[in-house]
Amino acid sequence: MSGPRSHAAGPGAEEAPPGQLRGRRAFVSLGSNLGDRARYLRAARDALDALPATRVLATSRVYETAPQEREDQGAFLNQVVCLETGLQPPALLRECQRIEREHGRVRTLRFGPRTLDIDILLFEGEQSGDPELTLPHPRMVKRAFVLVPLAEVWSWARGMPDLDIAGLGRAAAREQDVTPYDATEE
Ligand code: ADP
Ligand code: MG
1 MSGPRSHAAG
11 PGAEEAPPGQ
21 LRGRRAFVSL
31 GSNLGDRARY
41 LRAARDALDA
51 LPATRVLATS
61 RVYETAPQER
71 EDQGAFLNQV
81 VCLETGLQPP
91 ALLRECQRIE
101 REHGRVRTLR
111 FGPRTLDIDI
121 LLFEGEQSGD
131 PELTLPHPRM
141 VKRAFVLVPL
151 AEVWSWARGM
161 PDLDIAGLGR
171 AAAREQDVTP
181 YDATEE
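Note that our numbering gives residue 40 to position 40 of the sequence shown, counting from 1, and the numbers run on in steps of one.
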């Protein structure tokens with residue numbers, strides 16, 4: 001299996017019934033390397049699903065990865081979720097940052113340890129070079145811990161750039177270990 005998968009859901013596919021939410025899709029990455037990491041990821045999924053006009057459509061498996069930019073810290077758990085949301089991108093970012101704060105995130109070192117990191121990877125129909133909210137997320141195409149879980153939920157993509165996520169993920173995974181994480185360990 002190579003080349004892009006059939007990720008553009010055709011018209012009519014997976015549409016919500018009339019009267020239900022019909023927002024835009026976004027892929028969001030979750031990361032934690034402090035405290036009860038699996039619990040922080042679960043809390044993030046629940047909090048995202050509870051946002052106004054927003055629901056979680058799909059979740060990847062959870063992966064464990066060694067820290068990259070700064071190596072003097074514990075391993076991360078990472079996961080990618082697909083949302084459908086009526087929020088605009090800046091509002092979604094504010095909500096993600098609020099959820100991080102409410103779960104003990106203290107911003108100290110860049111790339112340092114954190115209870116919860118929520119990044120917006122891709123947002124349907126949006127591209128932006130704004131440093132406050134860069135879309136697609138500028139570092140996602142090199143990160144196996146983003147690409148491997150993203151490939152699992154990529155069939156939910158709609159209105160996204162034409163990227164071969166599975167191929168990029170396989171290439172990145174040759175350089176960086178990403179291990180499926182067994183939730184019963186924590
Ligand atoms: P990082 O996720 O890079 O480790 P932070 O979570 O502290 O670091 O985010 C740093 C800044 O990145 C935030 O203030 C935010 O405005 C900005 N940012 C730019 N693009 C994005 C994006 N796509 N998703 C999340 N944050 C982003
Ligand atoms: Mg972040």
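Cβ atoms here follow ideal geometry from the backbone N, Cα and C, with glycine treated the same way. Bear in mind that the values here come from a model prediction, so they are computed numbers and not experimental data.
Checklist entry - Short check: CB of Ile118 to CB of Cys82, under 8 Å? => result No, they are not a contact pair.
Item to check | Length of the line joining the Cα atoms of Leu77 and Arg22 | outcome: Between Leu77 and Arg22, the C-alpha separation is close to 30 Å.
Checklist entry - Given that a residue counts as buried once 16 or more other Cβ atoms are within 10 Å of its Cβ, and exposed if not, what is Pro161? => result By the neighbour-count rule (16 or more Cβ atoms within 10 Å), Pro161 is not buried but exposed.
Checklist entry - Using CA coordinates, which residue listed in Ala151, Ser128, Asn33, Val141 is at the minimum distance from Asp72? => result If we check each option's Cα against that of Asp72, Asn33 comes out closest.
Next on the checklist: Could you check whether the stretch 38-55 touches the stretch 129-148, counting it as contact only if at least three pairs of C-beta atoms, one from each stretch, sit closer than 8 Å?
Outcome noted: The stretch 38-55 makes no contact with the stretch 129-148; the number of CB pairs closer than 8 Å stays below 3.
Next on the checklist: For Ala151 and Gly169, what's the separation of their Cα atoms in angstroms?
Outcome noted: CA-to-CA, the gap between Ala151 and Gly169 works out to about 7 Å.
Checklist entry - Using CA coordinates, which residue listed in Arg24, Thr65, Arg37 is at the minimum distance from Arg105? => result The alpha carbon of Arg105 has as its nearest neighbour, out of Arg24, Thr65, Arg37, the alpha carbon of Arg37.
Checklist entry - Helix, strand or coil: which one does DSSP assign to Ala26? => result Note: Ala26 maps to strand in three-state DSSP.
Item to check | Candidates Ala66, Ser29, Ala58, Arg94: closest to Gln176 by CA position | outcome: Among Ala66, Ser29, Ala58, Arg94, the Cα nearest to that of Gln176 belongs to Ala66.
Checklist entry - Between Gly86 and Ser128, what straight-line distance do the alpha-carbon atoms span, to the nearest angstrom? => result Gly86 and Ser128: Cα-Cα distance of roughly 18 Å.
Checklist entry - Comparing the CB of Glu71 with every heavy atom of ligand 1, is any distance shorter than 7 Å? => result No, since every heavy atom of ligand 1 falls outside the 7 Å radius drawn around the Cβ of Glu71.
Checklist entry - Taking the Cβ atom as the reference point for each residue, do Leu116 and His103 lie within a distance shorter than 8 Å? => result Result yes, Cβ atoms of Leu116 and His103 sit closer than 8 Å.
Item to check | alpha helix (DSSP H) runs wholly inside the stretch 60-128, at least 4 long, in chain order | outcome: With a minimum length of 4 residues, the continuous alpha helix (DSSP H) runs that stay inside the stretch 60-128 are 89-102.
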